[in-house]
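Read in this note's numbering, the sequence shown has 97 at position 86, and its numbers run on one by one without any break.
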Amino acid sequence: MAAQNVLVTGPYGEAGEAILNHLAEKDRYEFTYLNRSDHPDYETHVADIADYEAIRPAFDGQDAVIHLAAQSDAGADFEDIIEPNIVGTYNVLKAIEDAGVETLIYASSQRVMGLYEEDHAPELYEEDYPSEYDPLRLTHETLPKPDGYYGASKVFGEHICRTHARRDGAPEQVYSLRISSVRTEEYDHPYGDAERGVDRGEEHRVDEDEVWDQSQTGSWERGSEEYEEMVKRLKASWTSQRDFAHLLECCLEDDDVTYDTFYAVSGNDARWFDIEHAQAVLGYEPRDNAAEWDSPPE
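What follows is the structure in structure tokens.
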């Protein structure tokens, strides 16, 4: 069987690292990378997705596109997301249509549902959190409630992708993945965010008596209230690299979906997102559950 040609936009962030670490070496796929800056280890088509003419050649000969490129700052101002998240997503869809690419996997975000977390946190992070939803479990049918311009731009992206999936000459299959907390390899575990804060503190502390501003560095001490809250949150929202890569592979191997939305999250006991839909439709079977961890890796 011939390998699938797969173009990845924005491949060098946290989510893209899952592809580089878990899928790139598989004979089943031939990956091409499109990024606005070059990479020393990977051949890259260098272009900004806001520039249609610059990105268009990268789409020729591709069977699928995984569209990760975006302004991913959850607190970004509207002006900062217009070109990368709105114009850029339209350009990717136009290039897919012009090049005749059959499959699009669109990187949406859990932030399209961000107000649910804002309304229920931090109690939400407890495995036995009681709520009117009993327990809170958001599905692909739950009304989106983004918590900022970034989340709103991802709702726009989902809808414009759905629009293209229903048009002649557009991609035949579109998968919107609402990605939770994928982390770099160093922090790819349920204690990752908490440990990263500890590491930041150690980087900024010169000696035992120095005081540093935790609000500016995002740092804290191991065992502190901030540390424990970060652990609880990530134990609910963690998406391991191998589970995310597995879900991408489920999409690439699927032949039935025209358009659908799935949550990209590991099988965590405390998760507030549904994975049953991805299991039923795509055969997604996550291998990781944050509840199985009781300490960071040695």
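Glycine included, C-beta positions come from ideal geometry on N, C-alpha and C. All of these numbers come straight from a predicted model, not from anything done at the bench.
Nearest residue (CA-CA) to residue i, options the options
i: ASP280; options: ALA80, LEU245 and GLU169; result: LEU245
i: SER106; options: THR272, PRO68 and GLU287; result: Position check: residue 106 holds Ala in this sequence, whereas Ser was assumed. Minimum Cα distance to ALA106 is reached at PRO68.
i: ARG39; options: LEU259, ALA301 and ASN300; result: LEU259
i: ARG177; options: GLU113, SER83 and ALA81; result: GLU113
i: ARG253; options: ASP210, ASP299 and ASP305; result: ASP299
i: ASP109; options: ARG282, LEU126, GLU128 and ALA181; result: ALA181
i: VAL76; options: GLY24, TYR44 and SER83; result: TYR44
i: ASP267; options: GLN184, VAL193 and ARG194; result: GLN184
i: ALA13; options: VAL242, TYR23, GLU264 and LYS165; result: GLU264
i: GLU25; options: ARG211, TYR198 and GLY208; result: TYR198
i: SER306; options: GLU152, THR55 and ASP204; result: ASP204
i: ALA132; options: GLU90, THR55, MET241 and TYR53; result: MET241
i: GLU169; options: ILE30, SER235 and LEU79; result: LEU79
i: SER83; options: GLY21, PRO308 and TYR238; result: GLY21
i: MET124; options: LYS243, LEU154, THR55 and PHE167; result: LEU154
Spatial distance of residue i from residue j (CA atoms)
i: TYR117; j: GLN290; result: 18 Å
i: GLY27; j: SER191; result: 13 Å
i: THR269; j: LEU18; result: 19 Å
i: GLU232; j: GLU196; result: 22 Å
i: THR174; j: GLY72; result: 23 Å
i: GLY162; j: LEU147; result: 20 Å
i: SER46; j: VAL57; result: The sequence as given places Asn at residue 46; Ser does not occur at that position. Roughly 5 Å between the two C-alpha positions.
i: CYS261; j: TYR186; result: 10 Å
i: HIS50; j: PHE42; result: 14 Å
i: ALA87; j: GLU303; result: 34 Å
i: TYR23; j: VAL193; result: 13 Å
i: SER164; j: GLU152; result: 18 Å
i: ARG207; j: GLY229; result: 9 Å
i: ASP179; j: SER119; result: 23 Å
i: ALA29; j: GLU90; result: 29 Å
i: VAL209; j: TRP249; result: 18 Å
i: ALA35; j: GLN15; result: 12 Å
Residue(s) in a DSSP beta bridge with residue i
i: THR195; result: According to DSSP, which records beta bridges pairwise, THR195 is partnered with nothing at all.
i: ALA75; result: VAL17 and THR114
i: TYR40; result: GLN15
i: LEU149; result: PHE284
i: ALA87; result: ALA87 pairs with nothing; no bridge assigned.
i: HIS257; result: Looking at the DSSP assignment, HIS257 forms no beta bridge with any residue, so it has no partner.
i: ASN46; result: VAL57
i: ILE190; result: SER120 and ALA275
i: VAL185; result: LEU115 and TYR270
Assumed close pair residue i, residue j - CB separation to whole angstroms, cut-off 8 Å
i: PRO333; j: ARG189; result: Look at the range of the chain in this structure, 12 to 309, and you will see that residue 333 is not part of it.
i: ASN96; j: ALA81; result: 5 Å
i: HIS288; j: PHE273; result: 6 Å
i: PRO201; j: ALA275; result: With a Cβ gap of about 16 Å, PRO201 and ALA275 do not count as contacting.
i: LEU149; j: ASP271; result: Rounded, the Cβ-Cβ distance is 15 Å, inconsistent with contact.
i: LEU126; j: TRP283; result: The Cβ separation is near 12 Å, so there is no contact.
i: ILE92; j: TYR140; result: Contact flag wrong, Cβ pair sits at about 31 Å.
Worksheet item: Per the contact definition of three or more C-beta pairs closer than 8 Å, is the segment 97-111 in contact with the segment 49-63?
Response: yes
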